[in-house]
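Converting from the sequence shown to this note's numbering requires adding 1 to each position, the first position being numbered 1.
Cβ atoms here follow ideal geometry from the backbone N, Cα and C, with glycine treated the same way.
These notes are about the structure you will find just below.
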Amino acid sequence: DTYPTSSYSRLISIIMSSPLHRALGLVTSQVPETTFEFYSDAALGVAFLATAIIAAKRMSYSRSQGGAETTVVTAFYSLILLTATLRTIWLIVPSTFWSPNYTPHAQMAFDSNHPEWKLKFLEILLVGAGSLCLFSIFILILVYWADILKKYFYPGARRSKPMVTFLVLVSVLLVVQILNATLFLMKNYSTEGMILVNAVTLSLVSLVCVCEITVFSHRFRTVLKTLGAINQVSTESQVKRIVWITVTGNLFFFTRAFIETIFAVMLIVYWHKYGTVAEVFSHKLWDSYILLKHWSEVAILALMLYILQSRFTTNMDGSGDAAAEGGKNGYQAVPDSEPEGLPYQTVATLSV
Numbered sequence: 002d003t004y005p006t007s008s009y010s011r012l013i014s015i016i017m018s019s020p021l022h023r024a025l026g027l028v029t030s031q032v033p034e035t036t037f038e039f040y041s042d043a044a045l046g047v048a049f050l051a052t053a054i055i056a057a058k059r060m061s062y063s064r065s066q067g068g069a070e071t072t073v074v075t076a077f078y079s080l081i082l083l084t085a086t087l088r089t090i091w092l093i094v095p096s097t098f099w100s101p102n103y104t105p106h107a108q109m110a111f112d113s114n115h116p117e118w119k120l121k122f123l124e125i126l127l128v129g130a131g132s133l134c135l136f137s138i139f140i141l142i143l144v145y146w147a148d149i150l151k152k153y154f155y156p157g158a159r160r161s162k163p164m165v166t167f168l169v170l171v172s173v174l175l176v177v178q179i180l181n182a183t184l185f186l187m188k189n190y191s192t193e194g195m196i197l198v199n200a201v202t203l204s205l206v207s208l209v210c211v212c213e214i215t216v217f218s219h220r221f222r223t224v225l226k227t228l229g230a231i232n233q234v235s236t237e238s239q240v241k242r243i244v245w246i247t248v249t250g251n252l253f254f255f256t257r258a259f260i261e262t263i264f265a266v267m268l269i270v271y272w273h274k275y276g277t278v279a280e281v282f283s284h285k286l287w288d289s290y291i292l293l294k295h296w297s298e299v300a301i302l303a304l305m306l307y308i309l310q311s312r313f314t315t316n317m318d319g320s321g322d323a324a325a326e327g328g329k330n331g332y333q334a335v336p337d338s339e340p341e342g343l344p345y346q347t348v349a350t351l352s353v
């Protein structure tokens, strides 16, 4: 009363090829955190910490200066500081604090067998908050750019307050984050679903930013050249800065959109095929995703700090000389401020 050997072999073959066995095999073969991952996270944490310290010092100095221009600059320094601080907290805290595994694994809310779901949920919220602050920097710049361009291209059109528009857009992204967390807590999907929603959201926002930066920067160059010709002053440095902003900003957002899109597609395909995305999160793939994503964030934040400092230094050191030279030649300088107190040159030359 025994099965033939061929039947046993066929049964074992079916079991070995099943998605469940493949997922279990991957989980058991993984280590919580490799040495490379530990040191790479530490390096990223130190980089974000340094960024946060620099932003805090600059913000403090900017606040002490007063004035409309420094108020705008202080707002950007504050967003950089918040972004870098949230990223530092996430990276400096050992990964084993958040979860037994370095790579993400599916965990449902209120699972008594996996009480660590609470910390994993908190980790995803922390990462999402950091991304929201990061993108808020770019949204704020684009909103001010749009407001200035509307003034010059549509002089008689009614203009809403830039800060109100900014708060509305950021609130929409915040609602997406809250809805994502709520659906997780209602057990509509696991932590894998939260990661997927965040990836899709960031991918879409990145694509929108690429389009907006390209369009706005082209119009801004036109405005600067026109104002320069009318007032007989050189706007070459501002134009070059706008081009630099466009290239670096689009490179960052295109890279981010590409990463998040590929990541989201892989999640969807594996989820549809196997009912889990455990096979997507191998150590090598997850390490590549983390390194490319977050080192690009460090680079763009550092670039913004550089351009903000460069702009402020230029104002402190060269604005008086430039004004004097303009007065000697009998030409009127390019306007430095908006009617509402928004500094024209500051926003026009802000990065990212």
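Comparing alpha-carbon positions, which option in the options lies nearest residue i?
{"i": "residue 172", "options": "285, 264, 134 and 120", "result": "134"}
{"i": "residue 197", "options": "105, 38 and 145", "result": "105"}
{"i": "residue 178", "options": "168, 188 and 128", "result": "128"}
{"i": "residue 46", "options": "72, 268, 125 and 84", "result": "84"}
{"i": "residue 295", "options": "273, 63, 257 and 264", "result": "257"}
{"i": "residue 243", "options": "265, 214 and 263", "result": "214"}
{"i": "residue 150", "options": "79, 222, 137 and 185", "result": "222"}
{"i": "residue 88", "options": "165, 51 and 122", "result": "51"}
{"i": "residue 204", "options": "253, 37, 304 and 143", "result": "253"}
{"i": "residue 249", "options": "93, 275, 307 and 124", "result": "307"}
{"i": "residue 174", "options": "140, 194 and 64", "result": "140"}
{"i": "residue 185", "options": "236, 245, 121 and 145", "result": "121"}
From the DSSP output, in three-state form, read off residue i for me.
{"i": "residue 103", "result": "coil"}
{"i": "residue 160", "result": "coil"}
{"i": "residue 112", "result": "coil"}
{"i": "residue 241", "result": "helix"}
{"i": "residue 236", "result": "coil"}
{"i": "residue 267", "result": "helix"}
{"i": "residue 188", "result": "coil"}
{"i": "residue 177", "result": "helix"}
{"i": "residue 276", "result": "coil"}
{"i": "residue 255", "result": "helix"}
{"i": "residue 299", "result": "helix"}
Starting from residue i, trace the alpha helix (DSSP H) in both directions and tell me its first and last residue.
{"i": "residue 124", "result": "118–154"}
{"i": "residue 232", "result": "192–232"}
{"i": "residue 42", "result": "36–66"}
On the CB-based measure, 16 or more other CB atoms within 10 Å of its CB, does residue i come out buried or exposed?
{"i": "residue 347", "result": "For residue 347, the predicted structure reports a pLDDT of 48, less than 50, and the residue's modelled location is therefore unreliable. A value from the coordinates is still provided. Counting Cβ neighbours within 10 Å, residue 347 comes out buried, since at least 16 surround it."}
{"i": "residue 163", "result": "buried"}
{"i": "residue 210", "result": "buried"}
{"i": "residue 154", "result": "exposed"}
{"i": "residue 181", "result": "buried"}
{"i": "residue 224", "result": "buried"}
{"i": "residue 282", "result": "buried"}
{"i": "residue 227", "result": "exposed"}
{"i": "residue 100", "result": "buried"}
Mind reading off the beta-carbon distance from residue i to residue j? Whole number of angstroms is fine, and I expect it under 8 angstroms.
{"i": "residue 200", "j": "residue 255", "result": "In fact, because the Cβ distance is near 16 angstroms, the residues do not count as touching under 8 angstroms."}
{"i": "residue 60", "j": "residue 75", "result": "6 angstroms"}
{"i": "residue 110", "j": "residue 188", "result": "6 angstroms"}
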